[in-house]
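A.B. asks: Here the sequence shown stands for residues 1 to 690, numbered as in full-length UniProt numbering.
Each residue gets a CB set at the ideal place from its N, CA and C atoms; glycine is no exception.
The structure displayed is predicted, hence computed values, not measured ones.
What follows is a structure written as structure tokens; I'll ask about it next.
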Amino acid sequence: MFKSIQSSLIVIVISVVILSSLTVLAVALNESESSYTVVAKKGALGVTRSIAKTLNKVEASESQLSDVMAYFELYPNVVMAELKTADRTVLASYKSKFPVADLSLAAQSIEELPNEPPLGSFETHNELLTTTLVTLQSGQTAYLVVISDISSQIFSNREELLTTLAPLVLLVMMVSLFITVWLINRITWPVIQLTDFTKRVRDENNYKLRATPTGTQEVITLKRNINAMMDTISEELDKNQATTDQLIEQQKLMSKLANFDSLTGLPNRQFVLDNLRLELSRAKRSKQEISLLFFDLDGFKNVNDSLGHETGDSLLIAVSERVKTVLREGDLFARLGGDEFLIVPDKEAHSVASPVMLAERLLKAMEAPVILDDIELQMSVSIGIANASDVDFDLSQLVGNADIAMYRSKTDGRGTYTVFTDDMNEGTKRRLEIANSILNGLERDEFKAFYQPRVDQRGTIVGYEALIRWEHPTFGNISPVEFISIAEHSGKIRKITAWMVKQVCKELAQIQAMKSADIRVSINLSAHDLHDKGLYQYLVDTIKEYKVSPKNLEFEVTESAFLESFKVSNQFINKVHQLGCLIALDDFGTGYSSLSYLTQMSVDTLKIDREFVKELDSSTQSRLVTQSIIDLAKRLKLSVCAEGVENQFQQDYLAENQCNQFQGFYYDKPAPLSKLADAPKDYRSHFEKV
1 MFKSIQSSLI VIVISVVILS SLTVLAVALN ESESSYTVVA KKGALGVTRS
51 IAKTLNKVEA SESQLSDVMA YFELYPNVVM AELKTADRTV LASYKSKFPV
101 ADLSLAAQSI EELPNEPPLG SFETHNELLT TTLVTLQSGQ TAYLVVISDI
151 SSQIFSNREE LLTTLAPLVL LVMMVSLFIT VWLINRITWP VIQLTDFTKR
201 VRDENNYKLR ATPTGTQEVI TLKRNINAMM DTISEELDKN QATTDQLIEQ
251 QKLMSKLANF DSLTGLPNRQ FVLDNLRLEL SRAKRSKQEI SLLFFDLDGF
301 KNVNDSLGHE TGDSLLIAVS ERVKTVLREG DLFARLGGDE FLIVPDKEAH
351 SVASPVMLAE RLLKAMEAPV ILDDIELQMS VSIGIANASD VDFDLSQLVG
401 NADIAMYRSK TDGRGTYTVF TDDMNEGTKR RLEIANSILN GLERDEFKAF
451 YQPRVDQRGT IVGYEALIRW EHPTFGNISP VEFISIAEHS GKIRKITAWM
501 VKQVCKELAQ IQAMKSADIR VSINLSAHDL HDKGLYQYLV DTIKEYKVSP
551 KNLEFEVTES AFLESFKVSN QFINKVHQLG CLIALDDFGT GYSSLSYLTQ
601 MSVDTLKIDR EFVKELDSST QSRLVTQSII DLAKRLKLSV CAEGVENQFQ
651 QDYLAENQCN QFQGFYYDKP APLSKLADAP KDYRSHFEKV
């Protein structure tokens with residue numbers, strides 16, 4: 001009802017003061033009336049007895065009695081009087097001639113008396129009834145009944161009392177209210193100040209503010225406690241901000257190291273391919289075209305061999321700067337490695353002729369010689385052009401087609417461009433046959449689950465990564481890199497994933513029997529799997545069917561697959577994580593997830609990509625990225641697993657930097673279930689210092 005303590009207290013106090021004042025006034029009026037009634041009774045009884053004494057001395061004649069009864073005229077408040085016997089015979093009477101007298105009411109009061117009325121003074125109908133016994137000279141006895149009016153006098157007294165007391169009561173009320181409101185304001189004002197202070201903190205989101213310690217001792221103590229709490233919050237916020245700033249700086253460094261070429265400053269292979277993968281998904285949904293220009297420098301190897309690597313590096317930088325001059329805003333330009341470059345024209349400004357026009361501008365720009373340290377080099381580029389719609393927006397096919405077209409340009413004489421056509425791709429038929437064989441292969445058990453061990457820092461096997469292999473009756477052993485891509489783009493990857501989940505759950509008990517009950521097997525999921533609405537329920541049903549503990553299963557998802565549709569992917573991953581399964585972020589560091597996304601993911605493990613591990617002994621950049629990934633994981637309380645460990649140096653470097661788990665050919669190659677029993681029980685010898 002009331003929005004503040006202050007208003008509530010004021011209303012309560014005002015109500016109490018008013019009620020108290022009215023109560024005092026009512027009591028005073030009541031006491032005044034009671035006192036007057038007592039006095040009036042005594043006076044009326046005295047008058048009645050005085051007249052009665054006079055009547056005792058006279059004869060019973062009517063005239064004498066009437067003369068005595070006439071004495072009542074001296075008392076204006078006497079309304080009526082009667083002298084009557086016990087048989088109700090009226091010997092004499094008196095009726096007031098004053099206008100205030102209510103004779104009918106007085107007569108009624110006398111009429112209601114019994115034959116022998118009680119003696120004394122009584123109240124009746126706002127009147128006093130007084131009776132006494134009279135003995136006449138003749139010896140006859142009678143009762144003198146007198147009715148006196150007290151209401152008029154009571155009303156007069158009440159009016160006089162109200163006139164006297166009302167101003168005084170009103171004055172007392174006003175003074176009391178003023179003092180009370182002043183005291184309440186004085187008491188509650190510090191609380192109101194404190195309320196305004198907390199509201200200001202909330203509105204300004206400023207935890208540097210402090211409350212002024214004023215008011216009562218209790219309020220001062222409260223404000224000091226709030227200030228102490230604000231100090232704690234402010235300190236924690238400062239610490240969190242410092243940590244966040246440090247993580248952001250580290251993120252920027254990692255992003256730069258992982259995503260940009262250290263020589264030219266251009267986006268590197270992994271960065272452009274990850275971005276291109278996302279752009280292809282968006283373009284496919286919006287039915288936009290994306291083209292790709294793939295080119296390298298003609299004769300670059302000869303420059304490197306004859307003039308040295310430093311000149312070769314300078315040439316790459318000069319060519320990069322020259323290419324930038326022909327690009328439009330929105331075009332993506334990246335170095336894939338060596339002398340290979342890739343351009344993705346802005347799809348918003350795309351037209352059928354725009355990739356060709358860009359290629360012609362690029363060839364024109366390369367006509368002028370490149371001068372390096374007084375050495376004039378005449379360079380040319382061979383360009384291959386491919387369109388995404390021709391390969392249903394498949395990344396690997398798009399890059400492959402552009403690569404094929406580029407080599408056709410070299411075959412045609414270099415210094416030119418070629419647009420890819422289907423007759424250039426002799427592998428199209430093979431891809432089609434592979435796509436058509438997938439479902440039959442699953443039914444005929446042509447696929448097998450292979451397991452590669454993951455070990456901890458003591459060399460103990462803590463888990464396996466399940467990898468799929470296919471022994472095709474016609475093509476023989478087909479690489480997963482090839483058939484997984486085909487399955488994804490033919491809509492059959494979900495069947496493969498379902499088969500893999502079931503196979504792992506079926507074989508997990510045997511793996512645990514051979515190794516340990518705590519062993520964990522990880523299964524790879526593609527971007528398509530994350531959008532499969534039926535996969536989660538299939539996973540739950542399969543776990544129940546084979547009585548598998550969810551904690552023994554881990555699902556690996558690549559960064560790019562996760563970020564392709566983050567909201568949908570994260571919902572699926574959260575459900576799987578809540579089921580009890582673990583989640584690993586695969587190939588971490590290649591595309592590098594933003595920190596904001598990483599902190600929103602339900603991830604348990606980061607897997608360092610094998611590309612960084614492979615170059616640990618030769619690349620400072622790879623070592624910096626690896627150290628940063630491990631440090632970031634520790635800060636986020638995540639486990640770290642390094643993929644592709646192939647030698648002692650890589651293992652020792654990773655172990656010294658507190659990497660938790662290791663996986664690679666240095667320990668063992670992937671093997672089927674039937675071969676696991678023959679594999680080493682552990683790899684502790686790899687971690688023993690000689």
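(1) Return the first residue and the last residue of the alpha helix (DSSP H) that P355 is part of.
(2) Is E73 close to the ligand ZN? I mean its beta-carbon at under 7 angstroms from any heavy atom of the ligand.
(3) Can you tell me which of the three DSSP states Y592 falls into?
(4) For G120, list the residues DSSP reports as bridge partners.
(5) Among the candidates P369, Q658, A359, whose CA atom is the shortest distance from the CA of A405?
(6) Taking one C-beta from the stretch 666 to 683 and one from the stretch 437 to 456 each time, how about it: are there three or more such pairs within less than 8 angstroms?
(7) Taking three-plus beta-carbon pairs below 8 angstroms as touching, is the stretch 437 to 449 in contact with the stretch 486 to 506?
(8) For the candidate residues K567, T132, M514, I147, whose alpha-carbon lies nearest to that of D678?
(9) Runs of 3 residues minimum, wholly inside the stretch 264 to 341: which ones carry the beta strand (DSSP E) assignment?
(10) Does the pairing of the stretch 505 to 523 with the stretch 455 to 474 give three or more beta-carbon distances under 8 angstroms?
(11) Flag this pair as yes or no: are the beta carbons of T497 and L442 separated by less than 8 angstroms?
(12) Shortest alpha-carbon distance to L278 belongs to which of K506, A561, F649?
(13) Which value, in whole angstroms, describes the spacing of the CA atoms of Y636 and T605?
(14) Output yes or no for whether 8 angstroms exceeds the beta carbon distance between I385 and V344.
(15) On the criterion of 16 or more Cβ atoms from any shown chain inside 10 Å, does T221 qualify as buried, or is it exposed?
(16) Count the C-beta pairs between the stretch 388 to 398 and the stretch 359 to 369 that are closer than 8 angstroms, then say yes if the count reaches three, no if not.
(17) DSSP three-state label for S685, please.
(18) Relative to the alpha-carbon of T474, which residue among E433, Q661, G46 has its alpha-carbon at the smallest distance?
(19) CB-CB under 6 angstroms to E332, same chain, minus the five flanking residues each way: which ones, in chain order?
(20) Return the chain-ordered ranges of every alpha helix (DSSP H) run that is complete within the stretch 412 to 475 and spans a minimum of 4 residues.
(21) Do you know offhand how far T198's Cα is from I179's?
(22) Residues in the same chain with beta-carbon distance under 7 angstroms from V548, minus the five sequence neighbours each way, listed in chain order, please.
(23) By a C-beta neighbour count over all protein chains shown, 10 Å radius and 16 as the cutoff for buried, is K84 buried or exposed?
(24) Just how far apart, CA to CA, sit F588 and D518?
(25) Could you tell me the boundaries of the alpha helix (DSSP H) in which Y653 lies?
(26) Exposed or buried, which one is L598 when buried takes at least 16 other CB atoms within 10 Å?
(27) Under a three-way DSSP split, which group does E47 fall into?
(28) For the beta strand (DSSP E) that contains D149, what are its first and last residues?
(29) Output the boundary residues of the beta strand (DSSP E) element that contains L606.
(30) Leaving out the 5 sequence neighbours to the left and right, which residues in its chain are closer than 7 angstroms to K575 when beta-carbon positions are compared?
(31) For R335, count neighbouring C-beta atoms within 10 Å of its own C-beta (all shown protein chains included) and say buried if the count is 16 or more, exposed if not.
(32) Tell me, please, which residues DSSP counts as bridged to R520.
(33) So is M357 buried or exposed if we call it buried at 16+ other beta carbons inside 10 Å?
(34) So what does N387 bridge to, in DSSP terms?
(35) I'd like the ranges of any alpha helix (DSSP H) spanning at least 4 consecutive residues and lying wholly in the stretch 608 to 636.
C.D. replies: On the basis of the coordinates in this document:
(1) Note, P355: alpha helix (DSSP H), 354 to 365.
(2) In the structure shown, the ligand ZN is absent, as is every other ligand, since no ligand is present at all.
(3) Any reading at Y592 is ruled out, since the residue's pLDDT is 47, under 50, leaving its predicted position unreliable.
(4) According to DSSP, which records beta bridges pairwise, G120 is partnered with T131.
(5) A359
(6) yes
(7) The stretch 437 to 449 makes contact with the stretch 486 to 506: 3 or more CB pairs, one atom from each, lie closer than 8 angstroms.
(8) M514
(9) 291 to 297, 332 to 337
(10) yes
(11) no
(12) A561
(13) It is worth fixing the name first, because residue 636 is Leu in this sequence and not Tyr. Going from the Cα of L636 to the Cα of T605 covers about 10 angstroms.
(14) Annotated as distal: I385 and V344, with beta-carbon spacing of 8 angstroms or more.
(15) exposed
(16) no
(17) helix
(18) E433
(19) Correcting the residue identity first, residue 332 is Leu in this sequence and not Glu. The answer, listed in chain order, is V344.
(20) 428 to 443
(21) 29 angstroms
(22) Once the five neighbours on either side are set aside, the close Cβ partners of V548 are C505, L508.
(23) buried
(24) 25 angstroms
(25) 648 to 656
(26) buried
(27) The question names Glu, but residue 47 in the sequence shown is Val. Three-state DSSP puts V47 in a helix.
(28) 141 to 149
(29) 605 to 608
(30) Y536
(31) buried
(32) R520 pairs with G463.
(33) By the neighbour-count criterion, in which a residue is buried when 16 or more other Cβ atoms sit within 10 angstroms of its Cβ, M357 is exposed.
(34) S291
(35) 610 to 614, 620 to 635
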